[in-house]
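Visitor: Here you go, one structure.
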Ligand SMILES: Cc1ncc(COP(=O)(O)O)c(C=O)c1O
């Protein structure tokens, strides 16, 4: 057991934490591992998911700087943007979100995350995939225009993934360490911690936090976009940023990026992945989403099949949420249901 206490920057209390740490016995039997799930999909209401942990730190910083307008970006069904807009509305902050969309006519405002963002009063600005490449410059320009108009913008990068946001998952590891110390999940560190990786902040926070708090021996991040080399660079940058914010953090955990379960492309899943989602819902009452968590769990099953050394090991799956993204694809998935 190790639980060195370190000082974190200011944060808001937005999560419904500690989130449950549950064993999934029948799925454990099927996969041949001792499978536990950290239910971060249950860490709040409509704003739930992994982003809320990052936003506890980012929005504290926004309030500290007396900002009045949040500016952020993501895909057209961004869970991050949805959580930002809803929590912003709760705190009395306006939100401008840049959402990536394939075509001018394809603006599904009536579905999933986009619907919830609109309902919570976001100003949605649709941008093309090409413009999205320039998202940092676009958001900086937006902030400049807002400042010229005497507003006080706070720009949050894609996925809330900078060092400050990533601290949310360092803190999640502290929360799991406390649960282990209370005797949950047998009290000892997991062999593997696995999760879906999109913008890298959850991975960086888990890697640093799992090492510092002795929560897991290895973090395996299943990429849902980009590749292993890309995420190694991102994680290196983010772990450096985390350590400059909280210098007393001890050695990070070992990690691997698995980019073999991305499916056809970001946001789209293969027929096998779609059937897997339904299989989990039907046979275990476990709802995962087609963009993130479903691909990570699918990847985990492949890893276990390909690496016999994983058999019998203790595995912690972080359920990072994403239900609105599943609902947005209801029509598409109806043929497998
Ligand atoms: C449901 C869900 N899971 C996982 C992730 C990946 O987290 P990160 O962006 O920190 O890599 C996201 C990111 O958008 C998400 O919405």
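Numbering (the working numbering), first residue to last: 27 to 363.
Ideal placement from N, C-alpha and C gives every residue a C-beta, glycine not left out.
(1) Does the beta-carbon of residue 288 have 16 or more other beta-carbons within 10 angstroms, so that it is buried, or is it exposed?
(2) Would you call the CB atoms of residue 126 and residue 102 closer than 8 Å?
(3) Cβ of residue 77 within 8 Å of Cβ of residue 186?
(4) Under 7 Å from any heavy atom of ligand 1, does the C-beta of residue 226 make it?
(5) Can at least three beta-carbon pairs, one atom from the region 224-233 and one from the region 188-199, be found at a separation below 8 Å?
(6) Going by DSSP, which residues form a beta bridge with residue 60?
(7) Would you tell me roughly how many angstroms separate the C-alpha atoms of residue 254 and residue 283, rounded to the nearest one?
(8) Between which two residues does the beta strand (DSSP E) harbouring residue 98 extend?
(9) In chain order, what residues of the same chain have a beta carbon less than 6 Å from the beta carbon of residue 293, not counting five sequence neighbours either side?
(10) Can you give the beta carbon distance from residue 47 to residue 205, rounded, assuming they're within the 8 Å contact cut?
(11) Give me, in chain order, the residues of the same chain whose beta-carbon lies closer than 6 Å to that of residue 88; leave out the 5 immediate sequence neighbours on both sides.
(12) I think residue 74 touches residue 351, with their Cβ atoms under 8 Å apart; what is that distance to the nearest whole Å?
(13) Mind checking whether the beta-carbon of residue 295 lies closer than 7 Å to any heavy atom of ligand 1?
Guide: In short, the structure shows the following:
(1) On the chain shown, residue 288 is found 262 positions in, with the first residue counted as 1. Counting Cβ neighbours within 10 Å, residue 288 comes out buried, since at least 16 surround it.
(2) Residue numbering aside, residue 126 sits at position 100 when the chain shown is read from its first letter. Residue numbering aside, residue 102 sits at position 76 when the chain shown is read from its first letter. A contact, by the Cβ cut-off of 8 Å.
(3) Within the chain shown, residue 77 is the residue found at index 51, counting from 1. Within the chain shown, residue 186 is the residue found at index 160, counting from 1. Yes, the pair counts as a contact, with Cβ atoms nearer than the cut-off.
(4) By one-based count along the chain shown, residue 226 stands at place 200. Within 7 Å of the C-beta of residue 226 there is at least one heavy atom belonging to ligand 1.
(5) With three or more CB-CB distances shorter than 8 Å, the region 224-233 counts as touching the region 188-199.
(6) In the chain shown, residue 60 corresponds to position 34, counting from 1. For residue 60, the beta-bridge partners assigned by DSSP are 340.
(7) Indexing the chain shown from 1 puts residue 254 at position 228. Indexing the chain shown from 1 puts residue 283 at position 257. Their backbone Cα atoms lie some 5 Å apart in a straight line.
(8) On the chain shown, position 72 is the one that residue 98 refers to. Counting along the chain, the unbroken beta strand (DSSP E) around residue 98 starts and ends at 95-101.
(9) The count along the chain shown starts at 1 and reaches residue 293 at position 267. In chain order, 317 place their CB closer than 6 Å to the CB of residue 293, counting only its own chain and leaving out the 5 sequence neighbours on each side.
(10) Counted from its first residue, the chain shown places residue 47 at position 21. Counted from its first residue, the chain shown places residue 205 at position 179. For residue 47 against residue 205, the beta-carbon gap comes to about 5 Å, under 8 Å, which counts as contact.
(11) Numbered from 1 along the chain shown, position 62 holds the residue referred to as residue 88. Answer for residue 88: 180, listed in chain order.
(12) Locating residue 74 in the chain shown gives position 48, where the first residue counts as 1. Locating residue 351 in the chain shown gives position 325, where the first residue counts as 1. Residue 74 to residue 351, Cβ: 12 Å. No contact.
(13) For this step, residue 295 is matched to residue 269 along the chain shown. Shortest gap from the CB of residue 295 to any heavy atom of ligand 1: 7 Å or more.
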